[in-house]
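Numbering of the sequence shown is given in full-length UniProt numbering, commencing with residue 1 and proceeding in unit increments.
Every residue, glycine too, gets a C-beta built ideally from N, C-alpha and C.
Here is the structure we will look at, set down as structure tokens.
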Amino acid sequence: MNATQDMSILSLITQASFTVQIVMGILAVVSLMSWTFIFRKAIALKQAKAQTDRFESDFWSGGDLNMLHQSVATRRTEHGALARIFEAGMAEFVKGRQVKMADTNTLLDGSRRAMRAAYQREMDALESHLNFLASTGSVSPYVGLFGTVWGIMHAFRGLANVQQATLASVAPGIAEALVATAIGLFAAIPAVVAYNRYSHDIDRIAIRFDSFIDEFLNILQRQVR
1 MNATQDMSIL SLITQASFTV QIVMGILAVV SLMSWTFIFR KAIALKQAKA QTDRFESDFW
61 SGGDLNMLHQ SVATRRTEHG ALARIFEAGM AEFVKGRQVK MADTNTLLDG SRRAMRAAYQ
121 REMDALESHL NFLASTGSVS PYVGLFGTVW GIMHAFRGLA NVQQATLASV APGIAEALVA
181 TAIGLFAAIP AVVAYNRYSH DIDRIAIRFD SFIDEFLNIL QRQVR
């Protein structure tokens with residue numbers, strides 16, 4: 001086996017100590033899970049934005065709210081998160097009107113609570129797996145560093161059996177250890193970038209949901225006057 005083959009990435013991984021290989025394996029699995037969540041979250045947020053745009057267009061088109069409510073109630077999944085928030089508030093409002101609730105504030109407060117509960121459920125769904133990305137971004141470099149430190153210790157212990165220590169004898173062991181840090185960074189960097197990007201996108205969606213709840217409550221208040 002020539003020197004180039006000995007220093008290839010695959011050779012460095014296969015020739016690393018068992019502990020370092022375990023660390024590399026854990027980081028590889030974490031990286032794979034991280035990329036899976038990154039792609040799934042990208043698709044979910046793109047769909048959420050499109051559904052929110054479509055529902056806001058339908059809501060502000062001037063159509064009958066009762067008809068829109070019936071349409072959303074029969075196809076809640078297709079209309080998206082904002083539609084489900086609207087459906088929760090409208091359903092509570094209709095129930096209050098049916099029992100002829102006299103107090104306007106109580107009637108509107110019921111709709112507000114229903115929409116806030118639906119809002120929390122939708123935000124929990126949008127924020128799912130973000131904690132995993134945050135943990136991956138913060139912990140993976142340290143896990144990789146642990147593998148590197150362990151590998152370097154193993155390489156230097158091997159020098160005890162060598163009559164004359166040279167750079168050529170210690171370089172492969174150090175290179176094997178540094179691969180663990182590289183894999184840790186490979187897992188951490190995309191996770192951090194995705195976490196920051198998705199957190200920003202979710203915050204913007206949350207602002208749109210908040211604004212809609214306030215505007216919809218104003219519309220309901222005008223209807224009960």
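Note on Gly-63: under 16 other CB atoms within 10 angstroms of its CB, so exposed under the neighbour-count rule. Taking C-beta separations shorter than 7 Å and ignoring five residues to either side along the sequence, the partners of Ala-48 in its chain run Gly-80, Ala-81, Leu-126, Ile-205, following chain order. Cβ-Cβ distances below 6 Å link Arg-121 to nothing in the same chain once the five nearest sequence neighbours on each side are left out. Boundaries of the alpha helix (DSSP H) harbouring Val-72: 65 to 74, taken from the DSSP string. The three-state reading of DSSP puts Lys-49 in helix, counting H, G and I together. In the displayed model, Ala-134 falls within a helix according to three-state DSSP. With respect to the 8 Å criterion, Ser-138 and Leu-27 are not classified as neighbours on the basis of their beta carbons.
Rounded to whole angstroms, the gap between the alpha carbons of Phe-216 and Leu-178 is 57 Å. In the three-state DSSP reduction, Glu-176 falls in the helix class (H, G or I).
In the DSSP assignment, Val-94 falls within the unbroken alpha helix (DSSP H) covering 81 to 98.
For Asp-109, the enclosing alpha helix (DSSP H) has its first and last residue at 104 to 126. Here Gly-62 carries a coil assignment [DSSP, helix/strand/coil].
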